[in-house]
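Residues in the sequence shown are numbered from 12 upward in steps of one, following our numbering. Glycine included, C-beta positions come from ideal geometry on N, C-alpha and C.
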Amino acid sequence: MKQFGRAVCPYCGKKVNLAATWGLRRRGEYRCPRCQGISNVTLSGATLPMAFVAIALSALLLVGSVVLLPQADWWVILVVAAPFVLFYILSLFCVQLKKPVLRRTSPAPRSTPSQEPQSREDLEKTRVL
Numbered sequence: 012m013k014q015f016g017r018a019v020c021p022y023c024g025k026k027v028n029l030a031a032t033w034g035l036r037r038r039g040e041y042r043c044p045r046c047q048g049i050s051n052v053t054l055s056g057a058t059l060p061m062a063f064v065a066i067a068l069s070a071l072l073l074v075g076s077v078v079l080l081p082q083a084d085w086w087v088i089l090v091v092a093a094p095f096v097l098f099y100i101l102s103l104f105c106v107q108l109k110k111p112v113l114r115r116t117s118p119a120p121r122s123t124p125s126q127e128p129q130s131r132e133d134l135e136k137t138r139v140l
């Protein structure tokens with residue numbers, strides 16, 4: 012399956028708008044406005060390695076700027092934040108839509124109707140107070 016690209020409806024093949032994809036990342040389901048198909052929202056396997064690379068690159072840039080520069084400047088903050096901004100933008104292309112898996116289960120056994128207590132002693136046993 013494709014790891015990186017725009018989200019596509021698994022039913023009709025319509026590509027999802029990037030602004031809508033930005034909101035989809037935190038939701039569990041997506042209903043296609045064209046075909047009304049319901050699909051599950053998942054993130055591709057490339058998301059986690061990209062996050063680790065962004066963290067490691069940012070840490071290296073921070074350590075490098077502290078060691079190499081005698082005085083910290085304001086632009087160091089922008090350089091350290093750049094991998095996270097890039098990851099945030101690239102994560103939009105890691106959203107995938109998949110058809111939900113319908114699991115068939117056996118029907119629940121029919122329960123017998125509960126019997127009413129017949130005698131006064133049985134009524135005493137069922138009393139709450």
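Going by C-alpha to C-alpha distance, which of C20, T32, D84 and P21 sits closest to V106? Ranking C20, T32, D84 and P21 by Cα distance to V106 puts T32 first.
Take M12 and list the residues in its own chain whose beta-carbon comes closer than 7 Å to its own, dropping the five residues that flank it on each side. Low per-residue confidence applies at M12: pLDDT is 47, beneath 50, and the placement is therefore not dependable, though the value from the model is reported in the following sentence. The answer is none, since no qualifying residue turns up.
Select from Q47, L71, G16 and S102 the residue whose C-alpha is nearest the C-alpha of R37. Among Q47, L71, G16 and S102, the Cα nearest to that of R37 belongs to S102.
CB contact flag (S50, P21, <8 Å): Yes, they are a contact pair.
L71, buried or exposed, once every other Cβ within 10 Å from all chains shown has been counted against 16: So L71 counts as exposed.
Out of M61, V52 and V87, which has the shortest C-alpha to C-alpha gap to Y99? Nearest of M61, V52 and V87 to Y99, Cα basis: M61.
Which first and last residues belong to the beta strand (DSSP E) in which Y41 is found? E40 to R42 is the extent of the beta strand (DSSP E) around Y41.
Might you give, ordered along the chain, the residues of its own chain that have their beta carbon closer than 7 Å to the beta carbon of V52, omitting 5 neighbours on each side? L35, R38, G39, E40, Y41, V106 and L108, listed in sequence order.
Quick check on DSSP: helix, strand or coil for L80? Coil.
Mapping the DSSP letters down to three states, classify L113 as helix, strand or coil. L113 falls in the coil class under three-state DSSP.
Is S76 near V64, with beta carbons less than 8 Å apart? Against a cut-off of 8 Å, the Cβ pair of V64 and S76 comes out as no contact.
According to DSSP, is S69 helix, strand or coil? In the structure shown, S69 falls within a helical segment according to DSSP collapsed to helix, strand and coil.
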